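Numbering (this note's numbering), first residue to last: 513 to 645. Working notes, structure below.
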Amino acid sequence: MSSNDDQIAQAEGHFGVRFPEDYRHFLAREGSMARFVPPADDFLMINALTELIEVNEAGDFQERFPRSVVIGGDGSREMLTYDFRQDPPSLVLLDVSAQDWSSAIQQATSFSALLEQFPETGWKWDDSEPSPS
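Written out as structure tokens, the structure reads:
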């Protein structure tokens with residue numbers, strides 16, 4: 513087991529979850545990301561493994577959002593968060609000032625799906641379905 517695998521296991525132990533395989537793979541290979549993603553030109557930030565615990569404790573996220581793990585965001589107020597209340601966990605967007613899960617905006621069913629769709633869709637800002645044309 514590499515030291516990176518050890519760090520992933522430590523973070524999982526801290527949060528009491530097992531990260532999905534695609535996210536674990538990203539952490540082991542890439543580690544983090546912070547860039548504008550064309551053509552959507554939205555900013556996507558994925559926190560480094562070493563920042564996960566600190567980021568999650570900074571905003572009392574565990575108290576306001578039980579079974580959540582913030583893994584990144586838009587570089588500003590919006591936090592990309594795993595919702596471990598369901599299995600498999602989905603990714604949602606939460607404003608730093610949100611008080612509970614009712615403010616969550618669904619982003620993707622998996623980390624891989626998020627990375628695949630993000631260049632085209634960018635951040636989704638509401639849960640409404642696109643209206644038929």
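We put the CB at the ideal spot given by N, CA and C, even for glycine. Small disclaimer: the values here were computed from a predicted structure and weren't measured.
Cβ-Cβ distance between residue i and residue j below 9 Å
| i | j | result |
| --- | --- | --- |
| Asp-599 | Leu-592 | no |
| Phe-538 | Val-581 | no |
Nearest-angstrom beta carbon gap, residue j and residue i [assumed within contact, 8 Å]
| i | j | result |
| --- | --- | --- |
| Phe-630 | Val-549 | 6 Å |
| Trp-635 | Asp-554 | 5 Å |
Nonlocal neighbours in the same chain, by C-beta distance under 8 Å from residue i, ignoring five residues either side
| i | result |
| --- | --- |
| Glu-590 | Leu-605, Leu-606, Asp-607, Val-608 and Trp-635 |
| Glu-632 | Pro-551 and Ala-552 |
| Asp-612 | Arg-576 and Phe-577 |
6 Å Cβ shell around residue i - same chain, five flanking residues per side excluded
| i | result |
| --- | --- |
| Asp-595 | Pro-601, Ser-602 and Val-604 |
| Leu-564 | Ala-523 |
| Arg-579 | Phe-596 and Arg-597 |
| Gly-584 | Met-557, Ile-558, Asn-559 and Leu-592 |
Residue i versus residue j - alpha carbon distance
| i | j | result |
| --- | --- | --- |
| Gly-528 | Thr-562 | 17 Å |
| His-526 | Ser-544 | 19 Å |
| Ala-546 | Ala-521 | 23 Å |
| His-533 | Ala-540 | This sequence places Glu at residue 533; His is not what is there. Their Cα atoms are separated by approximately 10 Å. |
| Ile-523 | Gly-571 | Reading the sequence as shown, one finds Ala at residue 523 and not Ile. Between Ala-523 and Gly-571, the C-alpha separation is close to 17 Å. |
| Ala-610 | Glu-628 | 27 Å |
| Met-557 | Ala-616 | 18 Å |
| Thr-621 | Gln-519 | 24 Å |
| Asn-516 | Ser-614 | 34 Å |
| Glu-542 | Ser-588 | 22 Å |
Proximity winner among the options, relative to residue i (alpha-carbon distances)
| i | options | result |
| --- | --- | --- |
| Ala-473 | Glu-575, Tyr-535 and Met-557 | What the structure shows of the chain is the stretch from 513 to 645, and residue 473 is not part of that stretch, so it cannot be assessed. |
| Gln-618 | Asp-517, Phe-573 and Trp-637 | Trp-637 |
Cutoff 7 Å; reference residue i; Cβ partners in own chain excluding five residues on either side
| i | result |
| --- | --- |
| Val-567 | Asn-559 and Val-582 |
| Phe-573 | Ser-580 and Val-582 |
C-beta neighbour in chain B for residue i, strict 9 Å
| i | result |
| --- | --- |
| Phe-577 | Among the chains of the structure shown, chain B does not appear; only one protein chain is present. |
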